[in-house]
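Okay, so the sequence shown: first residue is 2 according to this note's numbering, each after it adds one. Heads up, the beta-carbon is just placed ideally off N, CA and C, and yes, glycines get one too. Values in this document were obtained by computation on a predicted structure and should not be read as measured data. Quick notes on the structure that follows.
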Amino acid sequence: MRATRDAFGVALLELGRENPNVVALTADLGGSVKTGAFAKEFPDRFFQMGVAEANMVDVAAGMSTAGKIPFATTFAMFGTGRAWESVRNTIGYPALNVKIACTHSGLGVGEDGASHQSLEDIALMRVIPNVTVCVAADYASAYGLTKAVAAHKGPVYLRLGRPKVVDVYKDGEKFEIGKAKIIREGNDVAIIACGPQVGFAVEAADELKKAGINATVADFHTIKPLDEETLVALAKKCGAVITAEDHNVLGGLGGAVAETLARTHPTPIRFIGTQDTFGESGDPDALWRKYGVHVADIVKAAKEAIAAKA
Numbered sequence: 002m003r004a005t006r007d008a009f010g011v012a013l014l015e016l017g018r019e020n021p022n023v024v025a026l027t028a029d030l031g032g033s034v035k036t037g038a039f040a041k042e043f044p045d046r047f048f049q050m051g052v053a054e055a056n057m058v059d060v061a062a063g064m065s066t067a068g069k070i071p072f073a074t075t076f077a078m079f080g081t082g083r084a085w086e087s088v089r090n091t092i093g094y095p096a097l098n099v100k101i102a103c104t105h106s107g108l109g110v111g112e113d114g115a116s117h118q119s120l121e122d123i124a125l126m127r128v129i130p131n132v133t134v135c136v137a138a139d140y141a142s143a144y145g146l147t148k149a150v151a152a153h154k155g156p157v158y159l160r161l162g163r164p165k166v167v168d169v170y171k172d173g174e175k176f177e178i179g180k181a182k183i184i185r186e187g188n189d190v191a192i193i194a195c196g197p198q199v200g201f202a203v204e205a206a207d208e209l210k211k212a213g214i215n216a217t218v219a220d221f222h223t224i225k226p227l228d229e230e231t232l233v234a235l236a237k238k239c240g241a242v243i244t245a246e247d248h249n250v251l252g253g254l255g256g257a258v259a260e261t262l263a264r265t266h267p268t269p270i271r272f273i274g275t276q277d278t279f280g281e282s283g284d285p286d287a288l289w290r291k292y293g294v295h296v297a298d299i300v301k302a303a304k305e306a307i308a309a310k311a
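Structure representation (structure tokens):
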């Protein structure tokens, strides 16, 4: 088990070595967002902006117009919430090449409590035109997505986490923005997941297998643009869909999947996510269980979706 934010720090340092145009900015949280190694090796390309997230975003926007590839880093609550207007008007509107990489997302923030557990950030970012939204499931995906995000032209929100999570992929796995990854194959139900819930989905598929249910597990690491081709194919093949995320059921992965299937291929669907509520302070795993976004919840929802098939 390893943390996605740690992989981001490693990938960012490598990107700095590979491309002199890569720069990093942070809002008084370098240690938490893992920009320390980059700052030490490239002090002239690292910018400590203080507790001023909107200003950090605006400065990153300016740097991008001069040919830099800025990674603006902070907690998800502050990078997408406090700085939202700057992200919209200064980065999204002109479609500038800025990467907003935020850690400490979802209930996984744990003991820091509801004030820091961003359960709205995917919704906030995907509603802004031109902004690509990516969510890392584990260490290898965080590393691979950071590299993919750097190569992508245009604004990107990269969602990372604080806690150590189960390894789903082997190190070196390649990730393509906008293209989902099929981890398990099955014909009875499709589990569409992102973030820590990808690992839980794999465990849920193992549990379902014991009950004679064969589940597909798909990591939709890119929420926007959503891989509609793969999603529709899975809905047609399985006839039932589950979405699973460490985010409010309103506006996140579940919303994106439901919007797409309603338009293309209506399918029985169940949503695993927080039920329009704030979190609380506690151990991440205990919170995921309490708020219904763990393995057992995915198993239960899968059976319900299968029962709802026409």
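By the Cβ rule, the segment 125-135 counts as touching the segment 89-102, because three or more pairs are nearer than 8 Å. For Arg-89 and Cys-195, the gap between their C-alpha atoms comes out near 24 Å.
The beta-carbon distance between Ala-219 and Ile-243, rounded to whole angstroms, is 10 Å. This is too long to meet the 8 Å contact definition.
When the Cα atoms are used, Phe-43 and Gly-187 turn out to be separated by approximately 47 Å. Annotation: Glu-121 to Gly-252 spans about 8 Å, alpha carbon to alpha carbon. Under a 10 Å Cβ-count criterion, Pro-226 is classified as exposed, with fewer than 16 other Cβ atoms of the shown protein chains found around its own Cβ. In this structure the segment 10-21 does not touch the segment 169-182; the number of beta carbon pairs closer than 8 Å is below three. For Pro-71, the enclosing beta strand (DSSP E) begins and ends at 70-76. Note on geometry: alpha-carbon atoms of Phe-72 and Lys-35 lie some 12 Å from one another. Around Pro-164, the same chain offers Ala-4, Gly-109, Gly-111 and Pro-285 as residues with beta carbons nearer than 7 Å, after the five sequence neighbours per side are excluded.
Residue pairing from DSSP places Asp-220 in a beta bridge opposite Lys-182 and Ala-194. Around the beta-carbon of Arg-271, 16 or more other beta-carbon atoms lie within 10 Å, marking it buried. With contacts defined as CB atoms closer than 8 Å, Phe-221 and Ala-181 qualify as a contacting pair.
Distance between Val-296 and Thr-66, taken at the CA atoms: about 45 Å.
In the DSSP assignment, Arg-271 falls within the unbroken beta strand (DSSP E) covering 270-275.
Here Thr-133 carries a strand assignment [DSSP, helix/strand/coil]. Closest by C-alpha distance to Gly-114, out of Lys-41, Val-128, Phe-279 and Gly-31, is Phe-279.
When the five nearest sequence neighbours on each side are left out, the beta carbons in the same chain lying within less than 6 Å of the beta carbon of Val-167 are those of Met-2 and Gly-200, in order along the chain. Taking the CA atoms as reference points, Val-157 sits about 14 Å from Ser-87.
Relative to the Cα of Thr-275, the nearest Cα in the group Trp-289, Ala-263, Pro-267 and Thr-265 belongs to Trp-289. For Arg-264, the uninterrupted alpha helix (DSSP H) segment begins and ends at 254-265. In the DSSP secondary-structure assignment, Cys-103 is bridged to Thr-75 and Arg-160. Ile-307 is bridged by DSSP to nothing; it lacks a bridge partner. For Leu-108, no alpha helix (DSSP H) encloses it, and the DSSP letter there is neither H nor E. For Glu-204 and Lys-211, the gap between their C-alpha atoms comes out near 11 Å. In terms of Cα proximity to Gly-68, the closest of Ala-151, Leu-146 and Val-52 is Ala-151.
Closest by C-alpha distance to Glu-281, out of Asp-59, Gln-118, Gly-17 and Pro-269, is Gln-118.
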